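For reference, the structure discussed in these notes is given below.
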Amino acid sequence: MARPKSIEPLVTDWANQQLISMFDRTYPEQIRINNEVEEAFSKSGSKHGTGFARPDNKVMRRINGKNILILLEYKGHIDRHVMLDKDDKVDVVKKTAIKDYAVNGAVFYSQAIIDHTRNYDEIIAIGISDGIIHKGSLSPHISAYYISRDNYAEPQLVNDKYEDLSFLSEENFEAFLKKARELTLSDSEREAIHERYEANLSDVLKNLNEKLHELNIDVNVRVNMLSGMIMASMPNDGTNDFEPLAYEELRGLNPSSDRSDGAKILEAISDFLRTKQIPPRKQEQIMRRLTDVFSTESFSDPNSDNQEGESKLKTIYRMVITELLPFYAKGFRMDFTGKLFDILNSWVQVPDSGKNDIVLTPRYVTRLMARLTDVNMDSFVWDFAAGSAGFLVSAMDIMIEDAKKNFDERPVELREKIENIKDNQLLGIEKNNDMYMLAVLNMILMGDGSSNIIQADSLTYPGVYQYPPEKKDILFPANTFLLNPPYSSDGKGLIFLEKALSKMDSGMAAILIQESAGSELYKSWHKRILQKHTLKASIHMPSDLFIGKAGVQTAIFLFEVNKPHEEERLVRFVDFSKDGYKRTNRKKAKQNLFNVNDAHGHYDELVKLIKYDNVSSLQYFSDENYIKDTISLNGGDWQYLSHARIDKTPTEKDFQNVVSDYIQFQLSHKLKGEDND
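First residue of the sequence shown? That's 1 in full-length UniProt numbering, and the numbers climb one at a time after it.
What follows is the structure, encoded as structure tokens:
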């Protein structure tokens with residue numbers, strides 16, 4: 001059957017006439033709204049996959065001093081209204097979906113604004129197509145979606161039953177926006193999105209690493225090279241005069257000149273650090289480290305072993321802008337530099353890897369431990385072996401989430417609270433030079449909080465602020481301690497726990513440690529710790545948690561600080577060896593972590609179990625893997641297996657196995673005897 005002639009022009013006229021009646025200005029497809037938005041459309045590419053395109057119309061509402069951008073896309077027939085993917089989500093991957101479907105196009109352009117601007121955190125995406133033709137009249141189908149940075153640019157359907165566009169009118173829009181803002185992601189949805197984007201990030205970073213390898217960029221400079229390029233390219237957040245370096249500005253030139261590609265990138269990095277108001281001493285440390293990388297002449301030379309016909313720096317910088325930046329723009333506070341370090345070094349030998357000292361904690365575990373310690377917007381969190389600052393990133397993420405809930409209708413107070421969280425409520429100490437630089441860069445790239453990332457020996461550090469100047473040398477009022485210590489240190493890392501807790505007045509502490517640290521061998525450490533602090537829980541973690549990196553069995557020990565452990569106190573022992581994830585160790589695989597059995601549900605239930613001890617609604621825990629028991633005040637029994645009740649009574653299955661083994665033995669013996677005959 002022939003497809004009816006498109007009536008898209010009629011839909012376009014119908015919608016645009018309503019917009020003209022409600023808005024002082026409208027911006028049809030070929031009319032620019034402003035440079036920032038235009039640049040975002042340009043970077044996203046057209047809906048055809050090449051060139052440049054814009055949505056069919058654009059309008060803007062200003063609510064409480066904030067501009068809300070509204071993007072509209074039109075199609076002529078209802079069967080071109082929306083295309084969903086296999087997960088029933090709006091498909092913004094297939095080029096045909098973006099090009100041919102109203103909702104998909106509007107959502108795609110809205111996500112481009114989130115990805116490539118800093119002044120727009122909320123976008124309304126509207127798809128319109130004709131529902132039924134009644135003798136030349138229209139009955140349009142209208143779907144409105146809310147796209148926000150807080151929701152990682154995941155489209156949230158507000159309503160798809162509108163009969164006209166009056167919900168965008170000045171008198172109705174505020175009520176519409178309030179309803180839209182109530183559409184937030186659940187914790188499990190957020191976790192699923194994080195996992196998906198982390199898998200995609202891993203893929204992008206591996207492609208980058210392959211390109212770096214092709215260009216003969218030494219492994220030891222790759223992390224700093226990419227981190228520096230990201231700083232040089234970060235979009236302006238609207239609070240300063242920083243202008244990111246466009247990759248078109250890189251032209252090679254004389255590599256030894258002060259306008260070489262490397263020199264331009266260094267200048268952009270310096271401007272970025274200055275406008276972010278990073279403390280001068282920290283700026284000097286970063287610039288000193290990165291200058292060594294970007295001053296290498298061959299990197300700026302377009303004639304130096306690069307088939308692209310441009311400098312190596314330009315080739316990599318373009319990939320950073322087009323493939324990496326969107327991960328930041330969507331509002332993720334992932335442990336990016338840790339992931340970067342992890343992936344790049346998975347292809348080479350890590351120095352001192354035999355000690356199992358450089359082992360980065362997975363983000364889902366750092367978040368678990370932050371949740372177990374009740375991190376909230378008023379927490380003061382520190383880490384005595386910060387690594388790439390993964391624990392601090394997860395804590396900051398939860399603290400900001402909590403602040404947004406508490407200051408929902410008070411944007412000025414919310415902004416002040418978030419600034420205070422980043423500047424004053426996080427402290428990390430890292431001794432290793434490379435890991436320290438990663439931690440600083442991680443916190444800067446995730447929205448700062450880098451000021452009190454300190455390079456020092458945490459066992460001798462006095463536990464004070466380094467910044468801001470008015471707080472320098474004042475004790476950091478920590479009430480949350482998170483740690484994955486180097487296991488080769490005294491007490492398998494318990495020395496860091498003891499040191500940190502001695503500087504805290506109250507609060508919670510969680511340590512991910514080699515489980516043998518809870519055995520008889522370390523009971524003297526246990527005894528001293530229990531004299532001052534309460535062991536609340538011991539969680540036996542999956543044996544393959546660090547597969548391919550460290551062959552250690554780990555556990556999480558959870559403490560209540562400055563409350564001596566009482567002899568009759570029941571400790572919660574949990575076997576969490578089956579957490580819903582399957583892990584593999586394929587070096588060049590796109591993904592090595594698979595959610596095979598509701599991992600999010602396992603982690604949520606574990607938190608509820610430890611915090612509330614509510615066993616009435618358990619799905620994944622029972623008396624087979626959850627035990628409450630006392631411990632000795634002399635220590636030596638912190639491991640789950642020290643308290644597991646193992647039933648040694650033979651079962652029918654055991655009997656069958658024994659009989660089967662016996663028959664096989666007798667048969668084998670008889671056959672052997674016949675052979676000897």
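Glycine residues also receive a C-beta, built at the ideal position from the N, C-alpha and C atoms.
In this text, all values refer to a predicted model and were calculated from it rather than measured experimentally.
Could you compute how far the alpha carbon of Met287 sits from the alpha carbon of Arg274?
For the purposes of this step, residue 287 is taken as the residue at position 287 of the sequence shown. For the purposes of this step, residue 274 is taken as the residue at position 274 of the sequence shown. Taking the straight line from one Cα to the other gives about 11 Å.
Distance between beta carbons of Ile68 and Leu122, contact taken as under 8 Å:
Within the sequence shown, numbered from 1, the residue matching residue 122 stands at position 122. Within the sequence shown, numbered from 1, the residue matching residue 68 stands at position 68. As written in the sequence, residue 122 is Glu, which differs from the Leu given in the question. Rounded, the Cβ-Cβ distance is 6 Å, consistent with contact.
Need the endpoints of the alpha helix (DSSP H) that Gln283 sits in, please.
Translated into positions along the sequence shown, residue 283 becomes position 283. Run containing Gln283: Pro280 to Phe294, per the alpha helix (DSSP H) assignment.
So, helix, strand or coil for Leu325, using DSSP?
Taking the sequence shown and counting its residues from 1, one reaches residue 325 at position 325. Helix, per DSSP.
Cβ contact check for the segment 143-157 and the segment 104-117: 3 or more pairs under 8 Å
yes
If you drop the 5 nearest sequence neighbours on each side, which residues of the same chain put their C-beta closer than 7 Å to that of Glu8?
Here residue 8 is taken as the residue at index 8 of the sequence shown, counted from 1. Cβ neighbours of Glu8 beyond the five flanking positions: Tyr74, Lys75 and Gly76.
I need the DSSP call for Glu430, collapsed to helix, strand or coil.
As a position in the sequence shown, residue 430 is number 430, starting the count at 1. Glu430 falls in the strand class under three-state DSSP.
In chain order, what residues of the same chain lie with their CB nearer than 6 Å to the CB of Phe327, ignoring the 5 residues before and after it?
Stepping through the sequence shown from its first residue, residue 327 is reached at position 327. Hits under 6 Å: Leu201.
If you drop the 5 nearest sequence neighbours on each side, which residues of the same chain put their C-beta closer than 6 Å to that of Val574?
Indexing the sequence shown from 1 puts residue 574 at position 574. Excluding positions up to five away in sequence, the list reads Ile539 and Tyr626.
Return the bridge partner residues of Ile481 from the DSSP annotation.
On the sequence shown, position 481 is the one that residue 481 refers to. What sits at residue 481 in the sequence shown is Phe, not Ile. Per DSSP, Trp382 and Ala509.
Decide yes or no for the touch test of the segment 167-181 against the segment 196-213: beta carbon pairs closer than 8 Å, at least 3 of them.
no
Thinking just about the alpha-carbon of each residue, which of Ile147, Asn634 and Asp598 is nearest to the one in Ser188?
To locate residue 188, count along the sequence shown from 1; it is residue 188. Ranking Ile147, Asn634 and Asp598 by Cα distance to Ser188 puts Asp598 first.
Using only alpha-carbon positions, find the residue among Ser44, Gly65 and Gly131 that is nearest to Val93.
Looking up residue 93 in the sequence shown gives position 93. Among Ser44, Gly65 and Gly131, the Cα nearest to that of Val93 is on Ser44.
Can you round the beta-carbon distance between Thr480 and Val393 to whole angstroms, since I take them to be within the 8 Å contact cut?
Within the sequence shown, numbered from 1, the residue matching residue 480 stands at position 480. Within the sequence shown, numbered from 1, the residue matching residue 393 stands at position 393. Their Cβ separation, rounded to whole angstroms, is 14 Å, which puts Thr480 and Val393 out of contact at 8 Å.
Taking only the alpha-carbon atoms, compute the straight-line gap between Ala15 and His81 and give it to the nearest angstrom.
Reading the sequence shown from its first residue, position 15 is the one you call residue 15. Reading the sequence shown from its first residue, position 81 is the one you call residue 81. Looking at the two C-alpha atoms, the distance is approximately 15 Å.
Quick check: Val221 and Val293, are their CB atoms within less than 7 Å of each other?
Indexing the sequence shown from 1 puts residue 221 at position 221. Indexing the sequence shown from 1 puts residue 293 at position 293. Yes, they are a contact pair.
Reduced DSSP secondary structure (H/G/I, E/B, other) of Gln455:
Translated into positions along the sequence shown, residue 455 becomes position 455. The answer is strand: DSSP assigns Gln455 an E or B state.
Since Ile321 and Tyr247 should fall inside the 8 Å C-beta cutoff, what is the C-beta to C-beta distance between them, to a whole number of angstroms?
The residue labelled residue 321 in the question sits at position 321 within the sequence shown. The residue labelled residue 247 in the question sits at position 247 within the sequence shown. That pair is a contact at about 6 Å.
What are the uninterrupted segments assigned as beta strand (DSSP E) that are 3 or more residues long and contained completely in the segment 512-565, given in chain order?
534-540 and 554-560
Spatial neighbours of Ile20 within its chain, please: CB distance less than 7 Å, with the 5 preceding and 5 following residues excluded, ordered by chain position.
On the sequence shown, residue 20 is found 20 positions in, with the first residue counted as 1. Correct list, in chain order: Thr26.
Where Gly309 falls, given that 16 or more other Cβ within 10 Å makes a residue buried:
Along the sequence shown, read from residue 1 onward, the residue named residue 309 stands at position 309. Exposed, by the Cβ-count rule.
With a cut-off of 8 Å on the beta carbons, I'd call Ile142 and Ile124 a contact; round off their distance for me.
To locate residue 142, count along the sequence shown from 1; it is residue 142. To locate residue 124, count along the sequence shown from 1; it is residue 124. The Cβ separation is near 12 Å, so there is no contact.
Let me know the secondary structure DSSP gives Glu191 once reduced to three states.
Translated into the one-based positions of the sequence shown, residue 191 becomes position 191. Glu191: helix per DSSP, three-state reduction.
Which residue from Lys206, Gly636 and Trp638 puts its Cα closest to that of Asn592?
Walking along the sequence shown from the start, residue 592 turns up at place 592. Of the candidates Lys206, Gly636 and Trp638, the one whose C-alpha sits nearest the C-alpha of Asn592 is Lys206.
Checking the sheet assignment: what are the DSSP bridge partners for Gln156?
Reading the sequence shown from its first residue, position 156 is the one you call residue 156. Paired residue(s): Tyr146.
Using the three-state DSSP reduction, which class does Met446 fall into: helix, strand or coil?
On the sequence shown, residue 446 is found 446 positions in, with the first residue counted as 1. Correct three-state label for Met446: coil.
Report yes if the C-beta distance between Phe336 and Phe496 is below 7 Å; otherwise report no.
Residue numbering aside, residue 336 sits at position 336 when the sequence shown is read from its first letter. Residue numbering aside, residue 496 sits at position 496 when the sequence shown is read from its first letter. No, the pair does not count as a contact, with Cβ atoms beyond the cut-off.
Strand pairing of Leu69, partner residues [DSSP]
Numbered from 1 along the sequence shown, position 69 holds the residue referred to as residue 69. Answer is Met60 and Ile123, bridged to Leu69.
Straight-line gap, Phe391 to Ala644 (C-alpha atoms, nearest Å):
Along the sequence shown, one-based indexing puts residue 391 at 391. Along the sequence shown, one-based indexing puts residue 644 at 644. Their backbone Cα atoms lie some 30 Å apart in a straight line.
Range of the contiguous alpha helix (DSSP H) that encloses Lys608
Residue 608 sits at position 608 when you count from the first residue of the sequence shown. Segment Ala599 to Tyr612, the alpha helix (DSSP H) holding Lys608.
Taking the Cβ atom as the reference point for each residue, do residue 678 and Leu245 lie within a distance shorter than 7 Å?
Residue 678 lies beyond the stretch modelled for the chain, which goes from 1 to 677, so this question has no answer here.
Return the CA-CA distance between residue 692 and Ala537, expressed in angstroms with no decimal places.
For the chain, the structure presents residues 1 to 677; residue 692 sits outside this window and is missing.
Taking all protein chains shown into account, do 16 or more other C-beta atoms lie within 10 angstroms of the C-beta of Val59, making it buried, or fewer, making it exposed?
Residue mapping note: residue 59 aligns to position 59 of the sequence shown, counting from 1. When all chains shown are included, Val59 counts as buried.
Straight-line Cα distance separating Thr12 from Tyr364
Position 364 of the sequence shown, counted from the start, is the residue given in the question as residue 364. Position 12 of the sequence shown, counted from the start, is the residue given in the question as residue 12. Distance between the alpha carbons of Tyr364 and Thr12 is about 46 Å.
Please confirm whether Ile98 has its beta-carbon closer than 7 Å to some beta-carbon of chain B.
In the displayed structure, chain B is absent; only one protein chain is listed.
Here's the rule: buried if 16 or more other CB atoms are within 10 angstroms of the residue's CB, otherwise exposed. What is Gly65?
Sequence index remark: in the sequence shown, residue 65 carries index 65 (1-based). Gly65 should be labelled exposed.
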